[in-house]
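Only one structure is covered here, and it is reproduced in the block below.
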């Protein structure tokens with residue numbers, strides 16, 4: 328029939344297979360149409376429906392294959408861009424090192440890829456990894472101007488791309504890159520505080536390892552709140568003790584600014600004001616006797 332002839336040969340073969348019709352490999356399209364039409368199971372509406380489903384599945388598979396190919400091509404393009412950008416950063420670092428007083432030594436510098444494993448977010452804490460990276464870089468005598476390309480070589484592609492998308496002047500600044508990575512993993516001052524107060528020694532680890540880890544979390548907490556002197560440190564410790572003594576509902580009320588409240592007098596003033604308003608509402612809601 329005419330509607331059969333409009334379909335591709337492979338679609339007709341698939342239909343014949345579904346109908347249990349044996350088709351020889353040397354059959355032409357017209358032969359397959361005749362076989363289908365002569366089948367005792369042939370019913371036009373049923374056959375039309377089967378062919379529509381076969382066409383739909385074929386087009387769906389084709390679309391999936393095209394999408395998969397586009398995804399693969401895009402991944403390859405991004406990887407090429409990443410490699411080119413990494414080369415550009417490395418070249419820029421080399422230019423800076425030539426201009427430095429230690430240019431001769433930097434030519435023979437160690438690659439931290441030989442000293443550190445690549446960062447894996449599933450098993451490593453980004454703040455701890457960066458602390459180890461900085462320690463190894465200093466030990467190896469690597470100039471801070473060269474830290475960014477060294478770090479990029481140790482990061483997975485998705486994190487490296489975040490750095491590469493930064494403006495060029497910021498991309499070369501290690502402290503900015505560090506801040507970007509910490510922000511990516513939501514390592515805020517409050518996060519560091521919790522880690523500092525709750526972190527435990529790992530089974531089989533040395534106590535000196537715990538010292539290093541706690542010091543790193545404390546540094547992250549203090550740096551995030553810009554605590555630079557002993558007076559500010561005292562304020563932070565007093566504020567922390569106040570926060571430990573208030574009810575959970577108070578913390579929830581000031582949740583957006585809780586981690587940033589460092590001045591104990593400012594903190595106490597806010598809590599007093601909150602409790603005063605809350606007490607007034609309670610008194611207002613008490614029914615007077617009739």
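Residue numbers (my numbering): 328 to 617.
A virtual CB, placed ideally from N, CA and C, is assigned to each residue, including glycine.
- prompt: Near residue 350, which residues of its chain fall below 7 Å by C-beta distance, leaving aside the five closest residues on each side in sequence?
  reply: Excluding residues within five positions, the ones whose Cβ falls inside 7 Å are 340, 343, 359, 362.
task: Let me know the secondary structure DSSP gives residue 483 once reduced to three states.
output: Note: residue 483 maps to coil in three-state DSSP.
- request: With a 10 Å radius around its C-beta and 16 neighbouring C-beta atoms as the bar for buried, classify residue 479 as buried or exposed.
  value: Per the 10 Å Cβ criterion, buried.
task: Give me the Cα-Cα distance between residue 583 and residue 577, rounded to the nearest whole angstrom.
output: C-alpha separation (whole angstroms): 12 Å.
- prompt: CB-CB under 8 Å to residue 382, same chain, minus the five flanking residues each way: which ones, in chain order?
  reply: Result list for residue 382: 334, 338, in chain order.
message: Checking 8 Å against the spacing of the C-beta atoms, do residue 460 and residue 486 come in under that value?
response: Between residue 460 and residue 486, the C-beta spacing is not below 8 Å.
task: Grab the span of the alpha helix (DSSP H) containing residue 532 for me, first residue to last.
output: No alpha helix (DSSP H) contains residue 532, which DSSP labels as neither H nor E.
message: Can you check which of these residues, 519, 571, 331, is closest to residue 374 by C-alpha distance?
response: Ranking the options by Cα distance to residue 374, first place goes to 331.
- prompt: Between the C-alpha atoms of residue 384 and residue 399, what's the straight-line distance to the nearest angstrom?
  reply: Roughly 22 Å between the two C-alpha positions.
query: Would DSSP call residue 442 helix, strand or coil?
result: The answer is coil: DSSP assigns residue 442 none of H, G, I, E or B.
message: Quick check on the burial criterion: 16 or more other C-beta atoms within 10 angstroms. Buried or exposed for residue 586?
response: Here residue 586 is buried: its Cβ has 16 or more other Cβ atoms, across all protein chains shown, within 10 Å.
- prompt: Between residue 463 and residue 502, which are expected to be in contact by the criterion C-beta below 8 Å, what is the C-beta distance as a whole number of angstroms?
  reply: Contact between residue 463 and residue 502 is absent: CB atoms are separated by about 17 Å, not below the 8 Å threshold.
query: According to DSSP, is residue 358 helix, strand or coil?
result: In the three-state reduction of the DSSP assignment, residue 358 falls in the helix class, which pools H, G and I.
task: Identify whether residue 366 lies in helix, strand or coil by the three-state DSSP scheme.
output: Residue 366 falls in the coil class under three-state DSSP.
message: Under 8 Å, with one C-beta from each stretch per pair, do the stretch 586-603 and the stretch 516-526 reach the 3-pair mark?
response: Flag = yes, the stretch 586-603 and the stretch 516-526 touch.
field: C-beta contact flag for residue 563 and residue 545 at 8 Å
entry: Against a cut-off of 8 Å, the Cβ pair of residue 545 and residue 563 comes out as no contact.
task: Determine the DSSP secondary structure at residue 392, reduced to helix, strand or coil.
output: In the displayed model, residue 392 falls within a helix according to three-state DSSP.
query: Leaving out five residues before and five after residue 512 in sequence, what residues of the same chain have Cβ atoms less than 7 Å from its Cβ?
result: Within the same chain, residue 512 has close Cβ partners 453.
- request: Pick out whichever of 403, 490, 598 has its Cα sitting closest to the Cα of residue 575.
  value: If we check each option's Cα against that of residue 575, 598 comes out closest.
- request: Give me the Cβ distance between residue 525 and residue 409, rounded to the nearest whole Å; I'm assuming they're in contact under 8 Å.
  value: Between residue 409 and residue 525 the Cβ distance is about 37 Å, and since that is not below 8 Å, they are no contact.
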